[in-house]
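Undergrad: In this note's numbering, the protein residues as written are 1 to 273.
Quick one: the structure is below, and I'll ask about it shortly.
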């Protein structure tokens, strides 16, 4: 088993200030390796609904052999059990002050040479109302700058929802991101196998390409939403309570107000449209 680390007051304070926190050793290296082996086995068996190598994935793109897997919890019991895992629930409840709803799983293999993902806010896609989404991002092996660890902009969760922008698909496997503040600086978050990064859906985050020669950056992600939410985008239904039962929420339409960066009389700020 992992270290069974529960969140402390300093962890929650750090999250409030920065929009993210790392739960070190929440799962053991043995558990992380078991998950990693499970998903590589699934990947080798066959293709699955919504597998995706990304936009502009040419013949030589390594993601064609190792596309992202998504919503595995809908057909794989191991994924569902992880999404609803008690250790994750305790951290999420401490962050939110209430039990969350679970809406998504994703698995990124990110082999050597794979592109990263443009800086963005998850709320741009989930459209939770009221409240916000949260992510639990678990490293299944050592992740660092060389193999494309996650990068975050501390404190950016205090910004409003930013408008969409086009992303450079030569370095991002997704062609859409969020409009970034001027001189934005994202910091890398290196992690060991079994560590879990929890972060706010408004936090600006993304990753650079995997420039290692032969390493993967395998990560398992769960997305959750505030347990007081009434709406979420259609793609994230059915919505689950943390006991696995379904809860009926309304569909959240795309669109709505978002912020774009403008410069007026030499000063740059957000204009909500």
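Just so you know, even glycine gets a beta-carbon here, dropped at the ideal spot from N, CA and C.
From a predicted model like this one, the values you see are computed outputs, not experimental measurements.
#1: Compare the C-alpha of residue 153 against each of 147, 138, 131, 119 and name the closest.
#2: On the criterion of 16 or more Cβ atoms from any shown chain inside 10 Å, does residue 220 qualify as buried, or is it exposed?
#3: So residue 214 and residue 112 are supposed to be a Cβ contact under 8 Å. How far apart are they, rounded?
#4: Identify whether residue 224 lies in helix, strand or coil by the three-state DSSP scheme.
#5: Taking only three categories from DSSP, how would you classify residue 118?
#6: Between 18, 174, 24, which has its C-alpha nearest residue 108's C-alpha?
#7: Check whether the Cβ atoms of residue 246 and residue 239 lie closer than 8 Å to each other.
#8: Under 8 Å Cβ to Cβ from residue 42, same chain only, skipping five residues before and after it: list those, please.
#9: Does the beta-carbon of residue 201 have 16 or more other beta-carbons within 10 angstroms, so that it is buried, or is it exposed?
#10: Please go through the same chain and pick out, in chain order, the residues whose beta-carbon is closer than 6 Å to the beta-carbon of residue 147, but skip the five residues on each side of it.
#11: Pull the bridge partners of residue 52 from the DSSP assignment, please.
#12: Please say whether residue 228 and residue 162 have beta carbons closer to each other than 8 Å?
#13: Quick test of your reading: residue 32 and residue 139, contact by CB under 8 Å. State the CB separation rounded to the nearest angstrom.
#14: Is the CB-CB distance between residue 341 and residue 199 below 8 Å?
#15: Would you kindly work out how many angstroms separate the C-alpha atoms of residue 169 and residue 206, rounded to a whole number?
#16: Please work out which residues of its chain come closer than 7 Å, Cβ to Cβ, to residue 125, disregarding the five sequence neighbours upstream and downstream, and give them in chain order.
#17: Between residue 225 and residue 149, how many whole angstroms is the CB-CB distance? I'm expecting something under 8 Å.
#18: Can you name, in chain order, every residue of its own chain whose Cβ lies under 6 Å from the Cβ of residue 99, other than the five neighbours on each side?
#19: Just to confirm, is the Cβ distance from residue 83 to residue 156 under 8 Å?
#20: Taking the C-alpha atoms as reference points, what is the distance between residue 274 and residue 182?
#21: If you reduce the DSSP assignment to three classes, tell me which class residue 38 lands in.
#22: Closer than 6 Å by C-beta to residue 13: which residues in its own chain qualify, once you throw out the five before and the five after it? Chain order, please.
#23: Do residue 186 and residue 177 have their C-beta atoms within less than 8 Å of each other?
#24: What does the Cβ neighbour count give for residue 184, buried or exposed, with the cut at 16 atoms within 10 Å?
#25: Determine the contact status of residue 57 and residue 63, defining contact as a CB-CB distance below 8 Å.
TA: Checking against the coordinates, here is how it stands:
#1: 119
#2: buried
#3: 5 Å
#4: strand
#5: strand
#6: 174
#7: yes
#8: 48, 69, 72, 76
#9: buried
#10: 210, 212, 215, 217
#11: 68
#12: no
#13: 7 Å
#14: Look at the range of the chain in this structure, 1 to 273, and you will see that residue 341 is not part of it.
#15: 13 Å
#16: 233
#17: That pair is no contact at about 25 Å.
#18: 93, 227, 242
#19: no
#20: No information on residue 274 is available, as it lies outside the stretch 1 to 273 that the chain covers here.
#21: helix
#22: none
#23: no
#24: exposed
#25: yes
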